[in-house]
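The structure appears right after this line, and notes come after that.
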Amino acid sequence: MNSGFLSVSGAAKTFGAATVLDGVDLSMGRGEFISLLGPSGCGKTTLLRIVAGLMAPDQGKVALDGEDITRRPPHRRDVSVVFQNYALFPHLSVAENVAFGLKARGAPKNEIAPTVARYLGLVQMGAFAGRSIRALSGGQQQRVAVARALAVGPKLLLLDEPFSALDRKLREAMQIDLKRILREVGTTAIFVTHDQDEALTMSDRIAVMHRGRIEQLDTPAEIYHRPATPFALGFVGLSTQLPGKVVQAADGMVEVDTEAGRLRAKANFIPGSAVLVGVRPERVAIGETKANRIEAVLADAAFQGARVQLHFAAPEGGQILAEVPALPADARPGTRLTLSWNVEDTLVYPALDLVA
Amino acid sequence: MTKGSRFDPVLLLAVPAVLYLALIYGIPLLVLLGRSMLAGGAPSLAPFVGFFSDSFSWIVIGNTVRVAILVTLLCLVIGYPTALALARAKGLAQALILVAIILPLSVGVVVKAFAWQIVLRRDGVVSQIMTGIGLWDEPQRLLFTEAGLVIGAANVFVPFMILPIYSVLKLIDPRLGEAAATLGASPVYRFFKVALPLSLPGIVTGIAFVFSMAASMYVIPSLLIGDRFQTLATLTGRSFLFMRNEQLGSTTAVVLLVLTVAVVVASAALSKRLGGAS
Numbered sequence: 002m003n004s005g006f007l008s009v010s011g012a013a014k015t016f017g018a019a020t021v022l023d024g025v026d027l028s029m030g031r032g033e034f035i036s037l038l039g040p041s042g043c044g045k046t047t048l049l050r051i052v053a054g055l056m057a058p059d060q061g062k063v064a065l066d067g068e069d070i071t072r073r074p075p076h077r078r079d080v081s082v083v084f085q086n087y088a089l090f091p092h093l094s095v096a097e098n099v100a101f102g103l104k105a106r107g108a109p110k111n112e113i114a115p116t117v118a119r120y121l122g123l124v125q126m127g128a129f130a131g132r133s134i135r136a137l138s139g140g141q142q143q144r145v146a147v148a149r150a151l152a153v154g155p156k157l158l159l160l161d162e163p164f165s166a167l168d169r170k171l172r173e174a175m176q177i178d179l180k181r182i183l184r185e186v187g188t189t190a191i192f193v194t195h196d197q198d199e200a201l202t203m204s205d206r207i208a209v210m211h212r213g214r215i216e217q218l219d220t221p222a223e224i225y226h227r228p229a230t231p232f233a234l235g236f237v238g239l240s241t242q243l244p245g246k247v248v249q250a251a252d253g254m255v256e257v258d259t260e261a262g263r264l265r266a267k268a269n270f271i272p273g274s275a276v277l278v279g280v281r282p283e284r285v286a287i288g289e290t291k292a293n294r295i296e297a298v299l300a301d302a303a304f305q306g307a308r309v310q311l312h313f314a315a316p317e318g319g320q321i322l323a324e325v326p327a328l329p330a331d332a333r334p335g336t337r338l339t340l341s342w343n344v345e346d347t348l349v350y351p352a353l354d355l356v357a
Numbered sequence: 142m143t144k145g146s147r148f149d150p151v152l153l154l155a156v157p158a159v160l161y162l163a164l165i166y167g168i169p170l171l172v173l174l175g176r177s178m179l180a181g182g183a184p185s186l187a188p189f190v191g192f193f194s195d196s197f198s199w200i201v202i203g204n205t206v207r208v209a210i211l212v213t214l215l216c217l218v219i220g221y222p223t224a225l226a227l228a229r230a231k232g233l234a235q236a237l238i239l240v241a242i243i244l245p246l247s248v249g250v251v252v253k254a255f256a257w258q259i260v261l262r263r264d265g266v267v268s269q270i271m272t273g274i275g276l277w278d279e280p281q282r283l284l285f286t287e288a289g290l291v292i293g294a295a296n297v298f299v300p301f302m303i304l305p306i307y308s309v310l311k312l313i314d315p316r317l318g319e320a321a322a323t324l325g326a327s328p329v330y331r332f333f334k335v336a337l338p339l340s341l342p343g344i345v346t347g348i349a350f351v352f353s354m355a356a357s358m359y360v361i362p363s364l365l366i367g368d369r370f371q372t373l374a375t376l377t378g379r380s381f382l383f384m385r386n387e388q389l390g391s392t393t394a395v396v397l398l399v400l401t402v403a404v405v406v407a408s409a410a411l412s413k414r415l416g417g418a419s
């Protein structure tokens, strides 16, 4: 599955003095769904445009289905794009929009209408075939854009933050729908988003991008539980983060002194190294039940339905968070609580200012 | 107008322009129409019947329409690519193209006419180029020919074709072209199926501008072709200025007015329909 159906190697792009892509490698298998996740300016859209052929990389190669397509113009790549603003043709009807790519590729006339009907049906827009684009809501336009991109049977589908303009409820419904549609069609897809929930929900694998690089390419569960870099830890999900110094190291275990207390973790560092210790909030328990323990003063408790999110006063450069099923009965802002978690759940990274 | 057509007070802002046009354009126009129809004392269509039954009138109408159409076509052929380039250009390049288009408007037609005489005469630039590349066997004079008139007039009017097309092209979302490309459309296909249909309202506006100006131009034909080639506009001028025939002058003026208004109204309606679809 992870063989190189699409393979991007060493892709680099600079705009003036700004390096937008800094040597990106990406390899994905046929039928896979990968999200490019990162904040704005991380290079995810640039990478997408390079794969689509809408922009040429300064360096690097793009190969699709065994062919080098680095210099191939977009209309001969078999790579469809769903744009952020949908980019539907305003002078054409819904059905004509979906038919556009088929006609442009010279599909046989008697195949166009059935194909258009099939894809409009797939996105549940069959009843709107004759409508004007302007008469559609944002969610409906979104569906037409997906149908239009899929109707040409692309080797690869690229989606550039397609749901960012939709409200939350509609966005979640569209996420589920899109996954179903892509499964039915069996399309290989790259999905660009800055929304971690979207990426975690939809993807087979996520590429976490930061400053023009892919920091980690892994399954959503691995990204969440084993973030490879402090950026991945901080950008995907919430976390407790404590700066500290390694004081002891032996047999793949380290002991780290932080202002909140001494913590143990599985890692290899030289004693004296400045590090950042992280742990996911749902791994943190109240009370002394686990091996790594700290004491912290409760600052705020945010009720979130199934869980309560607790924020604690943290030493400089860190943050302390816990998510628990219920707040202890006597806990108030200002209450000092003991928190604990397992050694296995403890993540250690080189301190940010040392890797920068 | 919105549904229910409730009066919008913003429309009052048009009052000064309406008054101004009524005063200095509408009333004289009515006087003109009156003169052509009341020439014999009682209102009558006789002047028009007389005009249309004269075969020379049809030659004049033919000259007017033919030259206006040719000038409009030439402006469209030259102007559309320029508008595309202008819409695509950025920063300094765009400013330079805009200046190149607009600056010539500040040069009077009479000054230009002298420049064209250099370009269009038998040993002029055009003639030398055409014979040089072998398209013409021998040098030819374009000055005082209909071709010379069309070339010269198009030169004056081309900004009025470029600017409306440019303003429409500039508003087209560049992602539409990119979307078309990723759907498999070649650059040529993208042009004819995306850019061209979406810019039709600009083309129609440009055609209305150029056609009405080219149909009613007076100075340019006077300078570039002379008296033996008459259009409705030059005939109107001659009637009033030299022949002292007010009746013929007002008749030809009204015919010209109806002709250009018809083209402008038709293109405005067309633009509205196309604009509504886009």
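Respectively, the protein sequence lines represent chains W and L.
Each residue of the first sequence is one higher than the one before, counting from 2 in this note's numbering.
Each residue of the second sequence is one higher than the one before, counting from 142 in this note's numbering.
Yeah, the Cβ is synthetic: ideal placement off N, Cα and C, and Gly gets one too.
Cβ-based burial, residue i [other Cβ within 10 Å; buried from 16]
{"i": "residue 257 of chain L", "result": "buried"}
{"i": "residue 333 of chain W", "result": "exposed"}
{"i": "residue 280 of chain W", "result": "buried"}
{"i": "residue 2 of chain W", "result": "Caution applies to residue 2 of chain W, whose pLDDT of 44 falls short of 50 and renders its modelled position unreliable; the value that the coordinates give is listed next. With fewer than 16 other Cβ atoms within 10 Å, it is exposed."}
{"i": "residue 305 of chain W", "result": "exposed"}
{"i": "residue 403 of chain L", "result": "exposed"}
{"i": "residue 363 of chain L", "result": "buried"}
{"i": "residue 15 of chain W", "result": "exposed"}
{"i": "residue 289 of chain L", "result": "buried"}
{"i": "residue 188 of chain L", "result": "buried"}
{"i": "residue 151 of chain L", "result": "exposed"}
{"i": "residue 197 of chain L", "result": "exposed"}
{"i": "residue 289 of chain W", "result": "exposed"}
{"i": "residue 396 of chain L", "result": "buried"}
Beta-carbon gap between residue i and residue j smaller than 8 Å
{"i": "residue 349 of chain L", "j": "residue 205 of chain L", "result": "no"}
{"i": "residue 285 of chain W", "j": "residue 338 of chain W", "result": "no"}
{"i": "residue 12 of chain W", "j": "residue 74 of chain W", "result": "no"}
{"i": "residue 339 of chain L", "j": "residue 313 of chain L", "result": "yes"}
{"i": "residue 160 of chain W", "j": "residue 190 of chain W", "result": "yes"}
{"i": "residue 349 of chain W", "j": "residue 233 of chain W", "result": "no"}
{"i": "residue 209 of chain W", "j": "residue 192 of chain W", "result": "no"}
{"i": "residue 146 of chain W", "j": "residue 83 of chain W", "result": "yes"}
{"i": "residue 228 of chain W", "j": "residue 217 of chain W", "result": "yes"}
{"i": "residue 352 of chain W", "j": "residue 255 of chain W", "result": "no"}
For residue j and residue i, the rounded distance between their alpha carbons
{"i": "residue 408 of chain L", "j": "residue 60 of chain W", "result": "50 Å"}
{"i": "residue 405 of chain L", "j": "residue 49 of chain W", "result": "46 Å"}
{"i": "residue 283 of chain L", "j": "residue 212 of chain L", "result": "15 Å"}
{"i": "residue 378 of chain L", "j": "residue 385 of chain L", "result": "10 Å"}
{"i": "residue 72 of chain W", "j": "residue 287 of chain L", "result": "49 Å"}
{"i": "residue 150 of chain W", "j": "residue 215 of chain L", "result": "39 Å"}
{"i": "residue 243 of chain L", "j": "residue 371 of chain L", "result": "29 Å"}
{"i": "residue 153 of chain W", "j": "residue 41 of chain W", "result": "30 Å"}
{"i": "residue 125 of chain W", "j": "residue 67 of chain W", "result": "34 Å"}
{"i": "residue 326 of chain W", "j": "residue 308 of chain W", "result": "5 Å"}
{"i": "residue 262 of chain W", "j": "residue 295 of chain W", "result": "5 Å"}
{"i": "residue 249 of chain W", "j": "residue 212 of chain W", "result": "33 Å"}
{"i": "residue 419 of chain L", "j": "residue 228 of chain L", "result": "Note that residue 419 of chain L scores 41 on pLDDT, short of 50, meaning its location in the model is unreliable; the coordinates nonetheless yield the value given after this. Distance between the alpha carbons of residue 419 of chain L and residue 228 of chain L: 19 Å."}
{"i": "residue 328 of chain W", "j": "residue 78 of chain W", "result": "55 Å"}
{"i": "residue 51 of chain W", "j": "residue 319 of chain L", "result": "12 Å"}
{"i": "residue 225 of chain L", "j": "residue 219 of chain L", "result": "11 Å"}
Per-residue contacts from residue i into chain L (C-beta, under 8 Å)
{"i": "residue 88 of chain W", "result": "314, 316, 317, 319, 320"}
{"i": "residue 75 of chain W", "result": "319, 322, 323"}
As assigned by DSSP and simplified to three states, the class of residue i
{"i": "residue 276 of chain W", "result": "strand"}
{"i": "residue 291 of chain W", "result": "coil"}
{"i": "residue 279 of chain L", "result": "coil"}
{"i": "residue 116 of chain W", "result": "helix"}
{"i": "residue 142 of chain L", "result": "With a pLDDT of only 42 at residue 142 of chain L, under the threshold of 50, the placement of this residue in the model should not be trusted; the figure read from the coordinates follows. Here residue 142 of chain L sits in coil by DSSP."}
{"i": "residue 138 of chain W", "result": "coil"}
{"i": "residue 400 of chain L", "result": "helix"}
{"i": "residue 92 of chain W", "result": "coil"}
{"i": "residue 350 of chain W", "result": "strand"}
{"i": "residue 246 of chain W", "result": "strand"}
Residues that residue i contacts on chain L, provided the C-beta gap is smaller than 7 Å
{"i": "residue 102 of chain W", "result": "324, 325"}
{"i": "residue 84 of chain W", "result": "316, 320"}
Contacts that residue i makes with chain W (C-beta to C-beta distance below 7 Å)
{"i": "residue 330 of chain L", "result": "105"}
{"i": "residue 335 of chain L", "result": "90"}
Under 9 Å by beta carbon: chain L residues contacting residue i
{"i": "residue 165 of chain W", "result": "Per Cβ cutoff of 9 Å: no residues; residue 165 of chain W is ~14 Å from chain L at best."}
{"i": "residue 55 of chain W", "result": "319, 322, 323"}
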